[in-house]
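Everything below concerns the one structure shown next.
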Amino acid sequence: MKVDLNNSQSVIRATLLGLMGLLGVYLLLIITDILVEDSEPQPTQLKRVASGKIIQWNWFGGEKAAIVTQVAQPGQSLQDAKINADLLGVMLSAQNASATLKFKGQAEKVYQVGDKLSGSLELVEIQAFRIIVLENGVRKQVLMKKPDVIMQTEIVPDTSGRDIQTQGFALANMFGAVPVNVSGDTGFKINNLSTEVKMMADIRDGDVVLQVDGLSVQDLMANPIKMMSYSAANSLPVTVMRNGQEETIYVNAASLSAKILPTLGLKP
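Per my numbering, the very first residue in the sequence shown carries number 9; after that it's consecutive.
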């Protein structure tokens, strides 16, 4: 548009048009800014979550504080207990749970919850792959050893007095019996029998005892008196798992008892 500078009205009209154009651009910028702000997500106020209860500290490789929880979960990490023994196996059942440990220079022994292991160590819990012990108020673990580190069974005389239940466990210890799980059932795996015992009974290394006289191993563990009553049997039927197959063998328990029980400090 041509502006006649000599005509005052033309100059005023051009000035007004220029001001209106600038005002339009300014209004357009304001509207665009408002639309952009409305499209952006508004920040939401975060709720403060109460901090959890701290059960242990382990900063910069420092010492861990004592675990304050009372029950160890199966996957919970615990400090290893210092014990001069190997955990060979465990047996878990609804009524009874036991763990077989072997102290250096001694025969394998079966322990239950509440038993003293050595010194201030007390067995407080038995799990599938470890046992939990209490040492000076601190819960620690003893992990199960691999089968290739299970040592040969040793016969160690023990003349201390035992009750009937301990006598039942002593028989299991005598045969190096380690509790195992076979297809959901509990059995005792026989390890490293002496030549003399092999000659007296048709039992082989690696046999897993499933039943004795029709009773399961769990039933026998719950009733040690019944186990001891078999010591006079001349032909005791024993069901074993041998090379993946169940077999029934007949054991002269009377001869075995006459030979073995005095060695353990027990009366046949």
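Where a beta carbon is used, it is the ideal one built from N, C-alpha and C, also for glycine.
Compare the C-alpha of residue i against each of the options and name the closest.
{"i": "residue 96", "options": "89, 208, 151", "result": "151"}
{"i": "residue 126", "options": "228, 91, 218", "result": "91"}
{"i": "residue 121", "options": "112, 132, 113", "result": "132"}
{"i": "residue 146", "options": "130, 137, 138", "result": "130"}
{"i": "residue 203", "options": "242, 226, 227, 264", "result": "264"}
{"i": "residue 119", "options": "112, 113, 134", "result": "134"}
{"i": "residue 197", "options": "98, 28, 38, 86", "result": "98"}
{"i": "residue 137", "options": "86, 123, 114", "result": "86"}
{"i": "residue 123", "options": "114, 139, 113, 112", "result": "139"}
Is the CB-CB distance between residue i and residue j below 8 Å?
{"i": "residue 234", "j": "residue 223", "result": "yes"}
{"i": "residue 149", "j": "residue 88", "result": "yes"}
{"i": "residue 229", "j": "residue 106", "result": "yes"}
{"i": "residue 195", "j": "residue 205", "result": "no"}
{"i": "residue 128", "j": "residue 143", "result": "yes"}
{"i": "residue 4", "j": "residue 227", "result": "Nothing in the structure corresponds to residue 4, since the chain is present only between 9 and 276."}
Have a look at residue i and residue j and give me their C-alpha separation to the nearest angstrom.
{"i": "residue 240", "j": "residue 141", "result": "38 Å"}
{"i": "residue 21", "j": "residue 32", "result": "17 Å"}
{"i": "residue 36", "j": "residue 25", "result": "16 Å"}
{"i": "residue 110", "j": "residue 262", "result": "27 Å"}
{"i": "residue 30", "j": "residue 23", "result": "11 Å"}
{"i": "residue 266", "j": "residue 225", "result": "22 Å"}
{"i": "residue 108", "j": "residue 231", "result": "18 Å"}
{"i": "residue 251", "j": "residue 113", "result": "31 Å"}
{"i": "residue 163", "j": "residue 242", "result": "Residue placement at residue 163 is poorly supported in this model, since its pLDDT is 39, which falls under 50; the coordinates still yield a value, given next. About 24 Å."}
{"i": "residue 253", "j": "residue 84", "result": "37 Å"}
{"i": "residue 8", "j": "residue 28", "result": "The structure shown does not extend to residue 8, since the chain is modelled only from 9 to 276, so the question has no answer here."}
Step through the CB atoms of chain D and report whether any lies within less than 8 Å of the CB of residue i.
{"i": "residue 107", "result": "No chain D is present in this structure, which holds just one protein chain."}
* Is the number of C-beta pairs between the region 208-220 and the region 250-259 that are closer than 8 Å three or more? -> yes
* Count the CB pairs spanning the region 216-231 and the region 244-253 that are closer than 8 Å, and state whether there are at least three. => yes
* To do: Write down every uninterrupted run of the beta strand (DSSP E) in the region 85-114 whose length is 3 residues or greater and which is fully enclosed by it, in chain order.
  => 93-100, 105-111
* Counting only runs of 3+ residues fully inside the region 196-263, write out the beta strand (DSSP E) ranges in chain order. => 216-220, 244-250, 253-259
* Any chance you could list the beta strand (DSSP E) runs of at least 3 consecutive residues sitting entirely within the region 123-147, in chain order? => 124-126, 129-134, 138-143
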